[in-house]
Structure formats: structure tokens, C-alpha cells
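Heads up: the structure comes next, in C-alpha cells.
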Amino acid sequence: MTSTWAAPGRVNLIGEHVDYNDGLVLPFALPFVTRARVSTRSDDAVRVVSEDVGGVEFATAISPGEVEDWAAYVAGVVWSLQQRGATLPGLDIALSSNVPLGAGLSSSASLTCSVASAINDECSLGLDPRELADVSRVAENDFVGVPTGTMDQLASMLCESEHLLLLDCRSMETRSIPFAPAAANMTLLLIDSHARHSLVGSEYGDRRSDCEAAADDLGLESLRDATLEQVASLQDDRQRRRAHHVVSEIDRVQRVAAILDSGTPADIGAYLTASHESMRDDFEISCEELDVLVDAALDGGALGARMTGGGFGGCAVVLCRADDVESVTSRVESSYDAHGWQRPTIWTPQPAQGAHRLS
Ligand code: GLA
428 MTSTWAAPGR VNLIGEHVDY NDGLVLPFAL PFVTRARVST RSDDAVRVVS EDVGGVEFAT
488 AISPGEVEDW AAYVAGVVWS LQQRGATLPG LDIALSSNVP LGAGLSSSAS LTCSVASAIN
548 DECSLGLDPR ELADVSRVAE NDFVGVPTGT MDQLASMLCE SEHLLLLDCR SMETRSIPFA
608 PAAANMTLLL IDSHARHSLV GSEYGDRRSD CEAAADDLGL ESLRDATLEQ VASLQDDRQR
668 RRAHHVVSEI DRVQRVAAIL DSGTPADIGA YLTASHESMR DDFEISCEEL DVLVDAALDG
728 GALGARMTGG GFGGCAVVLC RADDVESVTS RVESSYDAHG WQRPTIWTPQ PAQGAHRLS
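The sequence shown lines up with residues 428 to 786 when you count with our numbering.
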């Protein structure tokens, strides 16, 4: 027998760097997926073949540090499942993916979630989608060593087509919110800036530490509980600005969700742009390319625009009226041309389904 599963990458509409502060996020799944086909073997080897990057073999009894590079994400899932008590046989795992790499669209969560889902199915482990998201996060945090929050994996597992996923990262409650901009004569553009700044690894951890230190200073468990008045009382300027981003961003997510509930999506534009400004000025995770892109989109008539994901490169989301798509994209392209940069890649993705069985 074999089990084949697909799990998508994600884009976050709003709610950045708040998942590890117990906040609220609002991602949707992209129509880009990693496919994982898993079958069991009679020995205890795990053989992984990837259409794009080659093959690797390791023993089922794997430990962190023994497999590196892209295959560490797969080995991490095998390890993480066993940490939860699963007994695994040898496995053949075949992978293919069309999630753009390094663009901040969670190609890694789509990889771990597809592998976890297919192994869970093939080996009848009985884990539910939230548990599989957690297996995937632990693989990434503790095997690969990337200190992500929990948004990407839950989005890849739980998102529904045509909906955003409002995810409370403290209670882990979720609510799907219908999102069909075209029905309101609007378009959501996803634009890859092509910027890839290597800062992302160390800076991500630094931002987490700043947030923890700010919460500590306020005597709180996390910044989820902080008010803007409390934030204003922080003595350390950097911590105050980091915390201001987090607390104001959680508020923006709540406001955007309420606006979408009331059916007036054009009104979310100002919050998207305010989120970008907060990330640029207070959280300091934007970069020149993303700032140029966002400014050009707004100059071209967009209702709102912001960088999305971990920062220091990757993508922006831009909301505009359908009639303005051309002026927005041509303004973005001409500003890129003026800087002599490679033109950005532009998609108009529809919210897609989370992890699902293909066969
Ligand atoms: C990366 C992390 C997520 C989240 C975002 C920022 O994608 O993997 O957990 O923190 O950055 O919102």
C-alpha cells in the first residue's frame, strides 16, 4: 500500500511575529503544495527521494544532527513522531513540490506537514491534524533547529479553501472566515520581492528574545496580555518598539477579522498598511525591496499593502480594486526597473485547502 498526501504553503494576510507571543494570526493556504508518497519497508531504513533535490537514506532510529539540509525536515518528522511514542517501520518517501523556495511561503511547513500526514495515514498512527501540526513544528524547532512559532504548520494542516484561518495561538481555537475578494470586485496580489536576506535566521531569534524580555519586564507570561499603556511604560527603547508592534498587530488582526465578518473587505486596506509600517519602523524586519514594493503598490492605487512572513525579504500582499490591478502592478514593476532589480513575481492566489489525501 501507499499513502499520498499534499500539504500547502501559506501566506499570512495579517498577524506577523505574534504567533510566538500567544497572539492571533490570519493566514490562508496557497495553491502550491508539497506531495509526499509514503510506503512501508521490511527493514528499518528510511529512503527519501525528491524530484527536485535528489535522494538520501537514514535509519529509522535517527537523532538531531545526523541528517542535514532539506532532508533534515523529513528526518525531523520521523524523529518527532517517535518522540511522541510512535513505533515506525522503514519507509520509502517520494517528494515533489511546487511551493516557491525561500519566498517566505512556508515551503518547509508544507514539506513537514505532507510527510507527517502521509506517514500517519500509512502507519495508522491515528494522530489528528492539530497533533500532526505539532509533530511538524517540533521537527522544525528541535531537529532542524529553526525556532518558528506555530502558525505555518497549523495553517498548512487546517486551512480551508476560500477561507482565511483565524487562529488564536494561545487557546489554539480556530475559525474559518470566508475570503473571496473577487466577489467584492477586489484582488489580493501576492508579490515575491525576490529579496533574500540572510539575516532572517539570527534576527528571528533576536525578535523572539526581545519580546520575551519585554513580557518579563512587564511581569506577564506573554505580550498577548499587554496593553499599549503597559508597553509605553517599558524603559528599554528597543523592547518598547518590539512590544508596540506585537500588541498593535494583535489588535489589527481582531479588527480585520471583524471587518471581514461584516462583509466590507475594502476597509481592511488601512490595517494592512499600518501593519507594514509597524514591521518596518518598530519591529524592523522589512528591507529596502519590500518597502519600495509596498510604497509603489500604494502609489499605484492599492487599498493596502504589507510584507508578509518572517521578514528580511520574501513576499508582500497587496489588496486593490480589480480595476486597479494594472496600475498597481505596472507601478511596482517600474519602481523595480528604476532600481535595476529583477522584476517581482506576481500571483493572484485563491485560498486553497489544507493538507489532504491524494490517494
Ligand atoms: C515565520 C515563522 C512563523 C511566524 C512568522 C512571522 O514564518 O515560521 O511561526 O512567526 O515567521 O509571523
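We put the beta carbon where it would ideally sit given N, CA and C, even for glycine. These figures come from a predicted structure and were not determined experimentally.
(message) Please state the DSSP three-state secondary structure of Ile-677.
(response) It is helical.
(request) Hey, could you find the ends of the beta strand (DSSP E) Cys-714 is sitting in? (result) No beta strand (DSSP E) contains Cys-714, which DSSP labels as neither H nor E.
(message) I need the straight-line Cα distance from Leu-725 to Met-599, nearest angstrom please.
(response) Rounded to the nearest angstrom, the two C-alpha atoms are 34 angstroms apart.
(request) Let me know the secondary structure DSSP gives Arg-468 once reduced to three states. (result) Three-state result, Arg-468: strand.
(message) Going by DSSP, what residue range makes up the beta strand (DSSP E) through Pro-556?
(response) That residue, Pro-556, is in no beta strand (DSSP E); its alpha helix (DSSP H) goes 556-565.
(message) Assuming the contact rule is C-beta atoms closer than 8 angstroms, Leu-440 and Pro-454 should be a hit. Round their C-beta distance to whole Å, please.
(response) The pair is a contact, with the Cβ atoms about 7 angstroms apart (cut-off 8 angstroms).
(message) Closer than 7 angstroms to a non-hydrogen atom of the ligand GLA - does that hold for the CB of Asp-595?
(response) False, no ligand heavy atom lies under 7 angstroms from that Cβ.
(message) Please tell me whether Gly-740 and Ser-629 are closer than 8 angstroms, where the distance is taken between their beta carbons.
(response) No, the Cβ-Cβ distance between Gly-740 and Ser-629 is not below 8 angstroms.
(request) With DSSP as the reference, label Leu-451 as helix, strand or coil. (result) If DSSP states are grouped into helix, strand and coil, Leu-451 belongs with the strands.
(request) Determine, using beta-carbon pairs with one atom in the stretch 460-479 and one in the stretch 515-528, whether at least three such pairs fall under 8 angstroms. (result) Here the stretch 460-479 makes contact with the stretch 515-528; the two share three or more CB pairs at distances below 8 angstroms.
(request) Closer than 6 angstroms by C-beta to Ala-530: which residues in its own chain qualify, once you throw out the five before and the five after it? Chain order, please. (result) Sequence-distant Cβ neighbours of Ala-530 in its own chain, meaning closer than 6 angstroms and more than five residues away, are Asp-619, Gly-741 and Cys-742.
(request) Check whether the Cβ of Gly-740 sits closer than 7 angstroms to any heavy atom of the ligand GLA, and report yes or no. (result) It does not: the Cβ of Gly-740 is nowhere closer than 7 angstroms to a heavy atom of the ligand GLA.
(request) Given a cut-off of 8 angstroms, decide if Val-504 and Ser-588 are closer than it, judged by their beta-carbon atoms. (result) No, they are not a contact pair.
(request) Report yes if the C-beta distance between Ser-583 and Leu-592 is below 8 angstroms; otherwise report no. (result) Against a cut-off of 8 angstroms, the Cβ pair of Leu-592 and Ser-583 comes out as no contact.
(request) Measure the alpha-carbon distance for Leu-720 versus Trp-774 and round it to whole angstroms. (result) Cα-Cα distance, rounded: 14 angstroms.
(message) If contacts are defined as beta-carbon pairs under 8 angstroms, then Arg-733 and His-703 qualify, I think. What distance do you get, rounded to the angstrom?
(response) Confirmed, Cβ separation roughly 4 angstroms.
(request) Could you spell out where the alpha helix (DSSP H) holding Ile-546 opens and where it closes? (result) Looking at the DSSP string, the run of the alpha helix (DSSP H) that includes Ile-546 is 534-549.
(request) Can you give me the Cβ contacts of Leu-650 inside the same chain, cut-off strictly under 7 angstroms, excluding the 5 residues immediately before and after it? (result) Spatial neighbours of Leu-650 in its own chain (CB-CB distance under 7 angstroms, excluding positions within 5 residues in sequence) are listed in chain order as Asn-448, Cys-638, Ala-641, Ala-642, Ala-670, Val-673 and Val-674.
(message) Nearest by alpha-carbon distance to Ile-712: which of Phe-606, Leu-508 and Gly-632 is it?
(response) Nearest option by C-alpha distance: Gly-632.
(message) Measuring only from the beta carbon, is Gly-553 closer than 7 angstroms to any heavy atom that is part of the ligand HEM?
(response) Looking for the ligand HEM in the displayed structure turns up nothing; the ligands present are the ligand GLA.
(message) Let's test the definition: count the other Cβ atoms within 10 Å of the Cβ of Leu-528 and tell me whether it reaches 16, buried, or not, exposed.
(response) By the neighbour-count definition (other C-beta atoms within 10 Å, threshold 16), Leu-528 is an exposed residue.
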